[in-house]
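Worksheet: one structure, shown below.
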Amino acid sequence: MLERLEIAKSWLPRYTGMPLDLFGDYILLTNFRYYLTNFAEKFKCDIYGDNKPMQAATNNSGLTIVHFGIGTANVATITDLLSARHPKGALFLGKCGGLKRSTEIGNFILPIAAIRGEGTSNDYFPPEVPALPSFKLHKFVSEKIVEHGHEYRTGVVYTTNRRLWEHDQRFQDRLKQMTCIAIDMETATFFIVGHYNEIARGALLLVSDLPLTPEGVKTEELDERVTAQWSEMHLQIGIEAMMEIGEKGEQIKHFRY
Numbered sequence: 015m016l017e018r019l020e021i022a023k024s025w026l027p028r029y030t031g032m033p034l035d036l037f038g039d040y041i042l043l044t045n046f047r048y049y050l051t052n053f054a055e056k057f058k059c060d061i062y063g064d065n066k067p068m069q070a071a072t073n074n075s076g077l078t079i080v081h082f083g084i085g086t087a088n089v090a091t092i093t094d095l096l097s098a099r100h101p102k103g104a105l106f107l108g109k110c111g112g113l114k115r116s117t118e119i120g121n122f123i124l125p126i127a128a129i130r131g132e133g134t135s136n137d138y139f140p141p142e143v144p145a146l147p148s149f150k151l152h153k154f155v156s157e158k159i160v161e162h163g164h165e166y167r168t169g170v171v172y173t174t175n176r177r178l179w180e181h182d183q184r185f186q187d188r189l190k191q192m193t194c195i196a197i198d199m200e201t202a203t204f205f206i207v208g209h210y211n212e213i214a215r216g217a218l219l220l221v222s223d224l225p226l227t228p229e230g231v232k233t234e235e236l237d238e239r240v241t242a243q244w245s246e247m248h249l250q251i252g253i254e255a256m257m258e259i260g261e262k263g264e265q266i267k268h269f270r271y
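As structure tokens, then:
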């Protein structure tokens, strides 16, 4: 039977169309195709995998971006497969729904933790294991946000597999009881699977909707407006952080248990 690493080395190119040796030491993960397209246009690099489940591109500085799709199963899959390359760091650029009155559309969130409400992460660690980012990676990303003159929020994000929950009052009440700052569909899984694969990880989330308010529920029109106003800065901060962390950031060490 093939070892796990051998399978990952075979399947990472299979899922993305990009040869293993083209993956860089630092990774951006996103579930938005236009982030990938903007990245490729900015650095004039090729996009691989147009006929594959996921697409990827790497610039001349060795920074790779992967468009993995949406949801916990997909982010778990790409994080597992990245063990074939064992990158020095990976940052998820995603969107989330703000759950606090102080949270506004266009805010950046650096989660200090994520609640594992999705179930996928239970295949990796028991429920008692918290879903956490790598502190030193988040510290460097926060410095980049401030350099660009923006503020950011910190707090706990709730990750769910449910896409349509806005009319479930019992679910909304639970969210309020847990005092979460935002809700999304990938962060907790990415933190747990990154921990499992010993990959330094972080998430920079962009608040794209306010689902607890009637006028704030995500629609295509609202999403397009958010994209037009804030996505370029979101991507730029991620690019700068992951391109410079190897030179300017603190060394990230992994501990085995």
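Quick note: the sequence shown uses the working numbering, first residue 15, plus one each step. Note that CB positions come from ideal geometry on N, CA and C, so glycine has one too. Being a predicted model, the structure only gives us computed values, none of them experimental.
Quick one: complete alpha helix (DSSP H) runs, 4+ long, within the region 21 to 89?
47 to 57
Identity of the residue in L43, E235, V143, F57 nearest L108 by Cα:
Inspection of the sequence shows that residue 108 is occupied by Gly rather than by Leu. The residue with the shortest Cα to Cα distance from G108 is L43.
Alpha helix (DSSP H) segment containing A214, residue limits:
Neither: A214 is in no alpha helix (DSSP H) and is coded neither H nor E.
Measure the C-alpha to C-alpha separation of L26 and A98 and round it to an integer number of angstroms.
7 Å
Three-state class that DSSP yields for V207 in the structure shown
helix
Quick check on DSSP: helix, strand or coil for D237?
helix
State the start and end residues of the unbroken alpha helix (DSSP H) segment that holds L189.
183 to 191
What does the Cβ neighbour count give for R184, buried or exposed, with the cut at 16 atoms within 10 Å?
exposed
When the Cα of M68 is compared with those of L77, D60, N74, N45, which residue comes out closest?
N45
Just reading off the alpha helix (DSSP H) that I159 is part of, what are its end residues?
149 to 161
Just to confirm the assignment, what range does the beta strand (DSSP E) spanning I129 have?
122 to 131
Would you identify the three-state DSSP class for K114, choosing helix, strand or coil?
coil
Pick from F53, Y210, R47: whose alpha carbon is nearest that of P148?
Just to set this straight, residue 148 is Ser in the shown sequence, not Pro. Out of F53, Y210, R47, Y210 has the C-alpha closest to the C-alpha of S148.
Taking C-beta to C-beta, are H162 and Q250 nearer than 9 Å?
yes
On the DSSP bridge list, what partners appear for H145?
The question names His, but residue 145 is Ala in the sequence shown. Looking at the DSSP assignment, A145 forms a beta bridge with A128.
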